[in-house]
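Participant: Residue numbers (my numbering): 72 to 596. Cβ coordinates follow ideal geometry from the N, Cα and C atoms, glycine included.
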């Protein structure tokens with residue numbers, strides 16, 4: 072198996088800096104002579120790759136994402152984009168540091184990010200860039216390394232959200248996806264120094280649970296039937312214990328009230344009251360009236376239907392998916408606002424725009440929602456990029472990339488030095504349509520939160536190659552092996568299949584090598 076080399080060797084062999092400079096030279100001559108490129112990073116939360124229509128899926132026709140697709144159409148779609156640890160806060164820490172969770176210190180939600188450590192925004196500031204972040208942060212400490220920032224506390228709220236600012240917490244009125252974009256565009260238009268290049272992070276809360284649609288999309292998809300995945304009623308036969316012991320099923324885990332928006336007529340339970348206060352309790356009178364007008368007729372029809380069994384699961388799936396996709400529709404609207412602003416101001420000529428999500432999400436596959444597992448639906452994440460003169464229009468890349476690579480990419484694009492202790496690789500060659508011969512052919516994954524925590528997904532780590540995946544659930548002492556060519560939905564654990572003995576041995580060797588390479592402490596299994 073092809074080796075993973077260190078950063079100095081990668082840059083020497085792949086010629087990353089040369090490719091970056093060559094790409095910049097193709098940009099508009101006047102802009103190139105006077106400015107280094109700006110970067111806009113648009114980041115959503117739990118947006119499944121399958122729910123971006125540019126990727127094509129069962130959802131592409133019924134729930135298109137036309138503005139997000141503009142980035143793919145005018146730039147590049149990464150077909151094999153993966154995360155290192157499929158959960159919100161850790162993914163954000165990896166983006167900032169270019170290091171795996173065990174090195175940046177943020178392994179699971181609830182940890183606190185060390186703001187004193189090296190991050191790409193600090194390095195960009197040292198290289199003459201303005202940096203700003205607006206929206207979801209979820210790292211437990213305030214942003215450092217940004218000229219401007221306003222972030223949501225924790226998960227934040229969909230309606231009338233609070234924002235943490237340098238001056239303290241402030242309540243904003245409106246819908247969170249619109250407000251985040253308002254803040255970003257205001258900074259671009261009124262506050263930044265127009266003589267300096269910028270790096271702007273627009274980080275959406277949506278479509279994170281509990282999927283509260285915005286006022287513009289409360290009835291979107293009411294007349295649409297969302298296609299079901301083939302394994303909505305997965306029985307987890309031929310799988311290990313972890314799939315059977317999880318607590319993230321549409322059937323059993325989703326709540327009727329805050330998740331599915333069917334609230335009791337009178338709320339007397341204290342737990343339900345707390346959930347109400349966190350969700351619909353934040354709406355003002357006008358917002359709540361619009362919400363009730365949209366949901367109560369649908370809820371009354373559901374109550375009268377008296378569904379049970381698979382029919383009830385199917386109803387839950389439809390309600391969940393429509394609310395999830397409604398939240399995405401607001402994100403897509405606001406991506407369009409950002410792209411339109413850049414074009415109207417002429418900034419699009421010298422700005423590289425990325426769209427991604429902290430991780431992907433289960434949309435009924437295996438009967439699940441949420442993320443965490445190393446299975447494909449949550450391991451993959453959308454990644455799209457556009458930049459005139461750098462990224463060929465309508466291009467794709469099949470190279471295996473990770474969120475681990477983004478800090479290095481931002482630094483390389485802006486001409487800043489990439490520190491040797493960062494663990495990813497700049498995507499600049501791939502953005503130019505060139506795949507270095509030394510590019511990785513295997514990725515490492517590690518989930519730390521574990522059993523007894525939210526959704527009861529057992530800790531595990533593993534390796535994925537182009538065709539195969541090996542996962543070790545180490546507190547269960549169980550291995551899983553999948554052939555993604557013959558079993559793309561990962562329905563058959565082949566760890567005991569003698570036909571794969573040689574391949575399993577090879578992946579175990581590769582897993583040990585990757586753990587050593589990435590300096591993962593503990594038993595190498």
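1. Suppose you measure from the CA of residue 140 to the CA of residue 433; what does that come to, to the nearest Å?
2. Go through the stretch 290 to 322 residue by residue and report every complete run of the alpha helix (DSSP H) that reaches 4 residues or more, in order.
3. Does the count of Cβ pairs from the stretch 302 to 321 and the stretch 144 to 155 closer than 8 Å reach three?
4. Can you check whether the CB of residue 390 is closer than 7 Å to the CB of residue 331?
5. If you follow the beta strand (DSSP E) that residue 350 is part of, which residue opens it and which one closes it?
6. Within 10 angstroms of its Cβ, does residue 590 collect 16 or more other Cβ (buried), or is it exposed?
7. Taking only three categories from DSSP, how would you classify residue 392?
8. Count the other CB atoms, across all protein chains shown, that sit within 10 Å of the CB of residue 559; report buried if there are 16 or more and exposed otherwise.
9. To the nearest angstrom, how far is the alpha carbon of residue 431 from that of residue 160?
10. Would you mind sorting residue 348 into buried or exposed? The rule is 16 or more other CB atoms within 10 Å of its CB.
11. With the cut-off set at 7 Å, would you say residue 303 and residue 435 are in Cβ contact?
12. Looking only at C-alpha atoms, which of 448, 548, 485, 587 sits nearest to residue 118?
13. For the beta strand (DSSP E) containing residue 542, name the first residue and the last one.
14. Could you name the residues that DSSP lists as bridge partners for residue 270?
15. Contact between the stretch 288 to 306 and the stretch 361 to 379 is defined here as three or more beta-carbon pairs at a separation below 8 Å; is this criterion met?
16. Residue 182 by DSSP, collapsed to three states: which one?
17. Looking at the structure shown, is residue 220 part of a helix, part of a strand, or coil, going by DSSP?
18. Going along the chain, which residues of its own chain have a beta-carbon closer than 6 Å to the beta-carbon of residue 550, five neighbours each way excluded?
19. Helix, strand or coil for residue 153 per DSSP?
20. How long is the line joining the alpha carbons of residue 374 and residue 334, rounded to whole angstroms?
21. Within 10 angstroms of its Cβ, does residue 265 collect 16 or more other Cβ (buried), or is it exposed?
22. From this set, 562, 473, 167, 149, which residue's C-alpha is nearest residue 271's C-alpha?
23. Measuring CB atoms only, is the stretch 134 to 149 touching the stretch 455 to 466, in the sense that at least three cross pairs come out at less than 8 Å?
24. Helix, strand or coil: which one does DSSP assign to residue 399?
25. Touching or not, the stretch 211 to 222 and the stretch 349 to 357, by the rule of three or more beta carbon pairs under 8 Å?
26. Who are the Cβ neighbours of residue 194 in its own chain at under 7 Å, not counting the five residues just before and after it?
Facilitator: So, from the data block:
1. Within the chain shown, numbered from 1, the residue matching residue 140 stands at position 69. Within the chain shown, numbered from 1, the residue matching residue 433 stands at position 362. Annotation: residue 140 to residue 433 spans about 21 Å, alpha carbon to alpha carbon.
2. DSSP runs (the alpha helix (DSSP H)) wholly in the stretch 290 to 322: 312 to 316.
3. The stretch 302 to 321, when compared against the stretch 144 to 155, does not touch it at the 8 Å Cβ threshold.
4. Sequence index remark: in the chain shown, residue 331 carries index 260 (1-based). Sequence index remark: in the chain shown, residue 390 carries index 319 (1-based). The Cβ atoms of residue 331 and residue 390 sit closer than 7 Å to each other.
5. Locating residue 350 in the chain shown gives position 279, counting from the first residue. From DSSP, residue 350 is part of no beta strand (DSSP E); its letter is neither H nor E.
6. Along the chain shown, one-based indexing puts residue 590 at 519. Taking a 10 Å sphere around the C-beta of residue 590, we find fewer than 16 other C-beta atoms and assign the residue as exposed.
7. Translated into positions along the chain shown, residue 392 becomes position 321. Under the three-state reduction of DSSP, residue 392 is assigned to helix.
8. Within the chain shown, numbered from 1, the residue matching residue 559 stands at position 488. With fewer than 16 other CB atoms across the displayed protein chains lying within 10 angstroms of its CB, residue 559 is exposed.
9. By 1-based counting over the chain shown, the position of residue 431 is 360. By 1-based counting over the chain shown, the position of residue 160 is 89. When rounded, the separation of the alpha-carbon atoms in residue 431 and residue 160 is 14 Å.
10. Translated into the one-based positions of the chain shown, residue 348 becomes position 277. It counts as exposed.
11. Counting from 1 along the chain shown, the entry for residue 303 is found at position 232. Counting from 1 along the chain shown, the entry for residue 435 is found at position 364. Yes, these two residues count as a Cβ contact at 7 Å.
12. Mapped onto the chain shown, residue 118 falls at position 47. Closest by alpha carbon: 448.
13. As a first step, residue 542 is located in the chain shown; it is residue number 471 there, counting from the start. 539 to 544 is the extent of the beta strand (DSSP E) around residue 542.
14. Numbered from 1 along the chain shown, position 199 holds the residue referred to as residue 270. Residue pairing by DSSP places residue 270 opposite 110, 202 in a beta bridge.
15. Pairwise C-beta distances place the stretch 288 to 306 in contact with the stretch 361 to 379, as three or more of them are shorter than 8 Å.
16. In the chain shown, the residue the question calls residue 182 occupies position 111. Reduced to three states, the DSSP call for residue 182 is strand.
17. Along the chain shown, one-based indexing puts residue 220 at 149. For residue 220, the three-state secondary structure derived from DSSP is strand.
18. For the purposes of this step, residue 550 is taken as residue 479 along the chain shown, with counting starting at 1. The residues 543, 566, in chain order, have a CB closer than 6 Å to that of residue 550 in the same chain once the five nearest residues on each side in sequence are set aside.
19. The residue given as residue 153 occupies position 82 in the chain shown. DSSP places residue 153 in the strand class (E or B) of the three-state scheme.
20. To locate residue 374, count along the chain shown from 1; it is residue 303. To locate residue 334, count along the chain shown from 1; it is residue 263. Their backbone Cα atoms lie some 11 Å apart in a straight line.
21. On the chain shown, position 194 is the one that residue 265 refers to. Burial call: exposed.
22. As a first step, residue 271 must be located in the chain shown, where it is residue number 200. It is 167.
23. Counting Cβ pairs under 8 Å, three or more are found: they touch.
24. Working through the chain shown from its first residue, we reach residue 399 at position 328. In the structure shown, residue 399 sits in a helix (DSSP, three-state: H, G or I).
25. No, the stretch 211 to 222 does not touch the stretch 349 to 357.
26. Indexing the chain shown from 1 puts residue 194 at position 123. Residues 482, 487 of the same chain have their beta carbon placed closer than 7 Å to that of residue 194, with the five preceding and five following residues left out of the count.
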